[in-house]
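As numbered in UniProt numbering, residues 1 to 380 make up the sequence shown, in order. Glycine is no exception: its CB is placed at the ideal position from the N, C-alpha and C atoms. The model shown is predicted, which means the values in this text are computed figures rather than measured ones. Read the structure below first, then the notes.
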Amino acid sequence: QNVLDPPLNKNETGPRAQPEWVDCIQASDMCNQNPYCSSRYRVMRQCLVGKEKEAMLDNNRECQAAMDVLLVSPLYDCRCKRGMKKELQCLQNYWGIHMGLGGDMDDPSPYEPVAPHHDAFRLASISSGFHCPDAERNCNPCLDAAKACNLNSSCKKQRSAYIATCSKEDPNKGESCSKKRCHKALRQFLDRVPTEFSHRLLFCPCQSVGCAERRRQTIVPDCAYKDKEKPNCLELRRVCRQDSLCRSRLADYMVNCVMTQHTVSTCPNQDNHQACLASYARLIGTDMTPNYVDSSFVNWTISPWCTCKGSGNQEEECMNFLQYFTNNTCLRNAIQAFGYGIDTMQNKNVSVPGPSLMTTMRSDRSSEPTFTIPEVIGLH
């Protein structure tokens, strides 16, 4: 098989056979071993440098010829594994030819396709033991999630590390913390800690302000989330899309938590809630870090730190983007499904289901105090 030909799925034949994805690092190596492909790849990288890349792709014949070659090379159909050892290098290879192909809202995900995992998702939800009995109104699933983390050596170590990093002052910049170092520590926590612990901290269901505030404080928002001023959401998106990692994770979130007229209340890939939550969690620690906007436990809202005020004639575009977070029924349903919660917006009079069989950490049942920030994010 010619190195420029995309590998075919072994289970399909004929003109409609779909190419099977390959690792973008491997695909780049394959291209570099072929003089014709490697020369066109170098041309394309030059075409995508600078502010005039769109004009170059549209009007420059050499750029167009290079793209025509790369579109039928392994590079075009390559993908990256989430959390792989050389993830950033893989993503940079991917965007090396895809940077000029997607629009602002329709970037394809550079990661390997996901498949439904209903059983695994259900098991993670059951083992988390979230539900509060009606008689125990003061129970706090988010506090229980913190206790579960502390009983796991890896979770405790990584959580301690990011809390310490995100709480330190940065005297060199006159800031309360280094957001860059905080984001890196958060990414390491989410990459290294099993989701049965990390997702419990992020998506624990709440029926009280104290619980919801603890959930909001999970990522140390004063450092990881907030800033002195709120940028316009379109500007934040532009900044994100200039970084390979942020652009990739935003695209993956858009794909796995997409809302369409056919999936208005469900998620893609046969209601794959797990894929949506994983994509959301991997946005944390990037410029597009999302979080709960306040300590509401009923009509809670999730958003990046940005606003659509002052968008002018781009207000509709800005709101359409922001609603992928603030009004995303796929994301909301996925979070509630993870904790076996209820849609409190639609079922305000419905009682919460009873406790699961694995409620092993219901030790502190006293009335929840008014939290100070150190108490909320602390290791207790």
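Pick from the options that is closest to residue i, judged by C-alpha positions
i, options, result
"L202", "Y162, R216, E87", "R216"
"L277", "G285, C267, T286", "C267"
"E169", "S178, C246, A161", "S178"
"N256", "E317, L331, N313, D287", "L331"
"V114", "K226, R82, S39", "R82"
"S39", "V22, I25, M67, N60", "M67"
"A281", "R192, N327, V239, G96", "R192"
"C78", "D23, Q314, E62, L190", "D23"
"M254", "P110, M84, L88", "P110"
"E315", "L234, N93, A164", "L234"
"K147", "E196, Q336, E112, L190", "E196"
"R45", "L151, E62, N34", "E62"
"L190", "S279, C240, P205, C142", "S279"
"L250", "Q26, I25, L91, L48", "L91"
"L48", "H98, C80, W21", "H98"
"C80", "H183, N232, G210, D252", "D252"
"C211", "C142, N152, C155", "C142"
"R200", "S153, D144, N232", "D144"
Paired residues, beta bridge with residue i - DSSP
i, result
"I302", "Y292"
"R79", "D23"
"Y111", "C80"
"N232", "T307"
Separation of residue j from residue i, as counted between CA atoms
i, j, result
"N291", "D106", "23 angstroms"
"S167", "A275", "30 angstroms"
"S296", "N272", "26 angstroms"
"C31", "Y41", "8 angstroms"
"Q188", "I284", "10 angstroms"
"P108", "V258", "12 angstroms"
"N328", "R181", "29 angstroms"
"K230", "P304", "10 angstroms"
"Q270", "F338", "16 angstroms"
"P221", "S28", "38 angstroms"
"Y36", "S73", "11 angstroms"
"S176", "L236", "22 angstroms"
"Y162", "K309", "32 angstroms"
"K86", "Y76", "19 angstroms"
"F321", "Y94", "24 angstroms"
"R247", "E213", "29 angstroms"
"C223", "N60", "44 angstroms"
"N150", "D287", "28 angstroms"
"V239", "A164", "27 angstroms"
"E317", "Q323", "10 angstroms"
"P205", "Y225", "21 angstroms"
"K319", "Q336", "As written in the sequence, residue 319 is Met, which differs from the Lys given in the question. Roughly 24 angstroms between the two C-alpha positions."
"V43", "W21", "23 angstroms"
"T289", "E112", "22 angstroms"
"N232", "K184", "24 angstroms"
Start-to-end residues for the alpha helix (DSSP H) that takes in residue i
i, result
"Y41", "35–47"
"K157", "153–167"
"Q217", "Neither: Q217 is in no alpha helix (DSSP H) and is coded neither H nor E."
"P141", "141–150"
"Y225", "Where Y225 is concerned, there is no enclosing alpha helix (DSSP H), given that its DSSP letter is neither H nor E."
"G312", "Segment: none, G312 is in no alpha helix (DSSP H) and carries neither H nor E."
"V329", "In the sequence as displayed, the identity of residue 329 is Thr instead of Val. Its alpha helix (DSSP H) spans residues 329–338."
"Q207", "Per DSSP, Q207 belongs to no alpha helix (DSSP H) and is neither H nor E."
"G96", "87–98"
"P268", "268–271"
"F297", "F297 -> no alpha helix (DSSP H), and no H or E assigned at all."
"L71", "Run containing L71: none; DSSP gives neither H nor E here."
"R241", "First-last for R241: undefined, no H or E at that position."
"C182", "179–192"
Cβ-based burial, residue i [other Cβ within 10 Å; buried from 16]
i, result
"P194", "exposed"
"N299", "exposed"
"A65", "exposed"
"T301", "exposed"
"A334", "buried"
"S244", "buried"
"R159", "buried"
"S198", "buried"
"G312", "exposed"
"N140", "buried"
"Q207", "buried"
"D294", "exposed"
"L70", "buried"
"D227", "exposed"
"Q33", "exposed"
"L88", "exposed"
"N349", "Note that N349 has pLDDT 32, beneath the 50 cutoff, so the model's placement of it is unreliable and the number below is only indicative. With fewer than 16 other Cβ atoms within 10 Å, it is exposed."
Residue i CB to nearest heavy atom of the ligand FMN below 7 angstroms
i, result
"L202", "Absence of the ligand FMN is noted for the structure shown, with no ligands found whatsoever."
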